[in-house]
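In the working numbering, the protein residues as written are 2 to 219.
Have a look at the structure below before the remarks.
Following this line, the structure appears as structure tokens:
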């Protein structure tokens, strides 16, 4: 949960607190049974609580590496009741949530505020946080214009450009960051932007068979 420029996590979520927290009071006969923090659970490699701690760290690192909470740019560009997908823009980041309980979405197009390149910077389906590694991490996504000379008012959910994501796994979220513009030496001298490279074919849509190193959580 975030409020304006703060990151707030419910007590115990960062390591998966298995019990409620109840301080001694008249109603529980001043018991200390649930007046404890079980931080050690996240350090046990045999338990899954470590994944919640890793996700909490990844969220904090996202704000640290790409500060977005102070940005005034906040737009919910998509809220689809059918697909259960929500797309939110905050600063140069695009947050994509698939809240569908069972349906993965393949080749899903989302709107972007302008043209450019986007890369994945946070993934709740990553192996590092207990996911299944279905989202490609090394891919660069080039935008496609949604407007045209014949119909300048055309858009995708009110956005002039779009990127197509290979997969949105159910009950996951991903965050994409707009990359700085590249300028070749020749283009820099002429004042023209660098030519957009042709996208390469890849087969990273298959389920990753080994644990990738993204995101870095140390």
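Idealized CB from N, CA, C, for every residue including glycine.
- Residue pairing by DSSP leaves residue 125 without any beta bridge partner.
- About 6 Å separates the beta carbons of residue 104 and residue 171, which is inside the 8 Å limit, making them a contact pair.
- Closest by C-alpha distance to residue 90, out of 81, 83 and 160, is 160.
- Here residue 115 has 161 and 162 as same chain residues with Cβ atoms under 7 Å from its own Cβ, once five neighbours each way along the sequence are excluded.
- The continuous stretches of beta strand (DSSP E) do not include residue 43, and DSSP gives it neither H nor E.
- Taking a C-beta distance under 8 Å as the contact criterion, residue 119 and residue 35 do not qualify as a contact pair.
- Judged by their CB atoms, residue 121 and residue 180 are not nearer to each other than the 8 Å cut-off.
- Spanning the alpha carbons of residue 57 and residue 131 requires a straight line of approximately 12 Å.
- Residue 27 sits in a helix when the DSSP states are folded into three classes.
- Membership of residue 135 in any beta strand (DSSP E) is not indicated, and neither H nor E is assigned to it by DSSP.
- Residue state for residue 35 is assigned as coil, using DSSP reduced to three classes.
- Residue 61 carries a helical assignment under DSSP once its states are collapsed to helix, strand and coil.
- The alpha carbon of residue 164 has as its nearest neighbour, out of 183, 156, 153 and 144, the alpha carbon of 144.
- Residue environment analysis places residue 173 among the buried positions, since at least 16 neighbouring C-beta atoms fall within 10 angstroms of its C-beta.
- Residue 169 is a Cβ neighbour of residue 97, given a cutoff of 8 Å.
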